[in-house]
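Single-structure report; data block below.
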Amino acid sequence: MKLRIIAGELKNRTLVLSKSAAHFRPTKEIVREAIASSLSMKVRDASVVDLCAGSGAMGFELLSRGAARVHFVENNKRRCEKIQQYAELFKVDNRCNVIHGDVRSFLKNSVDLYDIIYFDPPYLDTSLTQYVPKLFSIASKDGIVLFEHGKVKRTEAKDYSEQETAWQRVEKKFGDTLVDIYTQKDNLKP
170 MKLRIIAGEL KNRTLVLSKS AAHFRPTKEI VREAIASSLS MKVRDASVVD
220 LCAGSGAMGF ELLSRGAARV HFVENNKRRC EKIQQYAELF KVDNRCNVIH
270 GDVRSFLKNS VDLYDIIYFD PPYLDTSLTQ YVPKLFSIAS KDGIVLFEHG
320 KVKRTEAKDY SEQETAWQRV EKKFGDTLVD IYTQKDNLKP
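The sequence shown begins at 170 in this note's numbering and counts up one residue at a time.
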């Protein structure tokens, strides 16, 4: 499988996934394009974290469009190695930090604040939805949190903005893929 970077300085570069990577679900190109385009005003010089990074396609798309740096967090060591290889191949490794670990340990140890937080856990692992409200604590003052999930998780993917009154949620639908976009109520919608 090949994943194409859609726009920016890395436009048309591809990430090639091996057959052994076929068991995980990378974010579809149409979703990456729509999300990255909707973030165009926020992505320039942004600090980004791509949680459950998988192939790293979303993080690379945001780097390509002008993000200052991206932290890729992935619990699969081989995927981390591939992300690092592509960062070096694309000559953006000075703007990347690949972190081998899970979401829980990352949140526990994170000292940085991020302008864009993209959380794309495996759709079938409903236990990871509990980390959505915790992501608000690592968002910068004008930060945005994006949570990608499938339709089947709607009951588990609550509107956490009700619990965190400083945040509001907008849901975007892309076929079977949903992306909850959380912004702070004082900021404009994406």
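Here a beta-carbon is modelled for each residue, glycine too, at the ideal position from N, C-alpha and C.
Membership of VAL301 in the alpha helix (DSSP H) is indicated by the continuous run 301 to 304. Check the Cα spacing between SER309 and each of CYS265, SER216 and SER207: the tightest is with SER216. Counting C-beta pairs with one atom in each stretch, the segment 173 to 185 and the segment 255 to 263 have three or more that are closer than 8 Å, which means they touch.
In this structure the segment 279 to 292 touches the segment 309 to 318; the number of beta carbon pairs closer than 8 Å is three or more.
Per the DSSP secondary-structure output, ASP349 pairs in a beta bridge with PHE316 and GLU340. Classified as buried, ILE252 has 16 or more neighbouring CB atoms from the shown chains inside 10 Å of its CB. Between LEU232 and ARG264, the C-beta spacing is below 9 Å. Runs of the beta strand (DSSP E) spanning 3 or more residues and lying entirely within the segment 198 to 233 occur at 216 to 220, in chain order. When the five nearest sequence neighbours on each side are left out, the beta carbons in the same chain lying within less than 6 Å of the beta carbon of CYS221 are those of ASP289 and PRO290, in order along the chain. When the Cα atoms are used, MET170 and PRO195 turn out to be separated by approximately 10 Å.
Spanning the alpha carbons of ARG182 and PHE229 requires a straight line of approximately 10 Å. Under the Cβ criterion (8 Å, minimum of three pairs), the segment 264 to 274 counts as touching the segment 241 to 248. One Cα belongs to ASP219, the other to ALA335, and the distance between them is close to 23 Å. Ranked by how close their Cα comes to the Cα of SER207, the residues ASP355, LYS354, LYS341 and THR346 have LYS341 in first place.
Here the C-alpha atom of LYS354 lies approximately 19 Å from the C-alpha atom of VAL212.
Check the Cα spacing between LEU276 and each of ALA226, MET227 and SER306: the tightest is with SER306. Counting only unbroken stretches of 4 or more residues, the alpha helix (DSSP H) elements lying wholly within the segment 224 to 289 are 226 to 233, 246 to 258 and 272 to 278, in sequence order.
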